[in-house]
Amino acid sequence: AAGVIQSPRHLIKEKRETATLKCYPIPRHDTVYWYQQGPGQDPQFLISFYEKMQSDKGSIPDRFSAQQFSDYHSELNMSSLELGDSALYFCASSLGGGRSNQPQHFGDGTRLSIL
Amino acid sequence: GENVEQHPSTLSVQEGDSAVIKCTYSDSASNYFPWYKQELGKRPQLIIDIRSNVGEKKDQRIAVTLNKTAKHFSLHITETQPEDSAVYFCAAPPRDSNYQLIWGAGTKLIIKP
Chain A
35 AAGVIQSPRH LIKEKRETAT LKCYPIPRHD TVYWYQQGPG QDPQFLISFY EKMQSDKGSI
95 PDRFSAQQFS DYHSELNMSS LELGDSALYF CASSLGGGRS NQPQHFGDGT RLSIL
Chain B
751 GENVEQHPST LSVQEGDSAV IKCTYSDSAS NYFPWYKQEL GKRPQLIIDI RSNVGEKKDQ
811 RIAVTLNKTA KHFSLHITET QPEDSAVYFC AAPPRDSNYQ LIWGAGTKLI IKP
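From first to last, the protein sequence lines are chains A and B.
Position in the first sequence counted from 1, then plus 34, gives you the working numbering.
Position in the second sequence counted from 1, then plus 750, gives you the working numbering.
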């Protein structure tokens with residue numbers, strides 16, 4: 035079965051640079067979620083989109099922005115990168131958002147390292 | 751807001767024995783409780799979930815029980831196998847959100863051969 039596809043898998047940036055992470059949800063899934071996970075930490079919810087509209091917002095820094103496009107893929111844009119942004123970034127998708135919490139299925143993540 | 755506490759932080763069991771991980775939540779309005787398994791460096795995998803209108807759900811060797819009165823839910827793994835070794839996370843949604851999940855801190859499960 036098709037899964038959530040994230041790119042790139044690994045990304046190395048320097049402080050103050052920008053980065054763009056991409057997420058392609060499972061086909062027919064209409065909701066996308068972004069999470070940040072530091073070493074030994076639980077995933078922290080950043081933001082979600084349902085039918086191309088922002089549906090909920092968590093602990094996403096103002097330096098980050100995201101959007102969902104007409105084909106339902108999503109991009110997380112990160113600017114003025116800081117050392118503390120080094121983490122695993124996961125995207126998840128689900129079907130039928132907006133009615134009630136739906137099972138979220140995760141991609142393999144992007145490992146972002148800030149030098 | 752919602753707070754999810756998970757215990758224990760580490761659990762070591764003999765292969766073949768059972769393992770139980772417990773979570774408590776604070777928001778009585780929470781209505782959805784998933785459990786995720788995460789191996790080192792890999793993605794969280796949804797292994798089982800339960801909604802608040804059900805007290806127990808089972809899928810082969812894993813089961814989840816929910817006690818709404820006490821506001822806690824538990825993951826039960828029977829006949830543990832080496833491949834069950836991983837970090838397990840529980841989660842619950844905060845009030846008035848159909849999207850966000852608040853996660854427990856995780857339990858590292860070690861299966862001893």
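Glycine is no exception: its CB is placed at the ideal position from the N, C-alpha and C atoms.
The Cβ of Phe79 (chain A) sits closer than 8 Å to at least one Cβ of chain B.
Following the DSSP letters along the chain, one finds Gln71 (chain A) inside the beta strand (DSSP E) bounded by residues 65-71. With a threshold of 16 other beta carbon atoms within 10 Å, Asn848 (chain B) meets it and is buried.
In the DSSP assignment, Phe783 (chain B) is bridged to B:Ile800. A check of alpha carbon separations from Gln788 (chain B) across B:His822, B:Asp777, B:Gln810, B:Ala836 identifies B:Ala836 as the nearest.
Distances from the CA of Ala121 (chain A) to each of A:Gln88, A:Asn135, A:Lys47, A:Gly37 were compared; the closest alpha carbon is that of A:Lys47.
Within chain A, Pro137 have C-beta atoms less than 7 Å from the C-beta of Asp799 (chain B), given in sequence order.
In this chain, the beta strand (DSSP E) harbouring Ala813 (chain B) covers 812-817.
Nearest to Gly143 (chain A) by C-alpha distance, out of A:Phe83, A:Pro77, A:Ser114, A:Asp105, is A:Pro77.
When B:Gly791, B:Tyr782, B:Ser776 are compared, the shortest CA-CA separation from Tyr123 (chain A) is found for B:Gly791.
Interface flag for Pro832 (chain B) against chain A is unset, since no Cβ pair is found closer than 8 Å. At a cut-off of 8 Å between beta-carbon atoms, Pro843 (chain B) makes contact with chain A. The C-alpha of Pro42 (chain A) lies about 45 Å from the C-alpha of Thr819 (chain B). Not a single C-beta of chain B is nearer than 8 Å to the C-beta of Ser108 (chain A). With the criterion set as a beta carbon lying under 7 Å from some beta carbon of chain A, the members of the segment 845-857 of chain B are Ser847, Asn848, Tyr849, Gln850, Leu851, Trp853, Gly854, Ala855, Gly856, in sequence order. For Leu115 (chain A), the three-state secondary structure derived from DSSP is coil. Going by C-alpha positions, Ser762 (chain B) is about 43 Å away from Arg50 (chain A).
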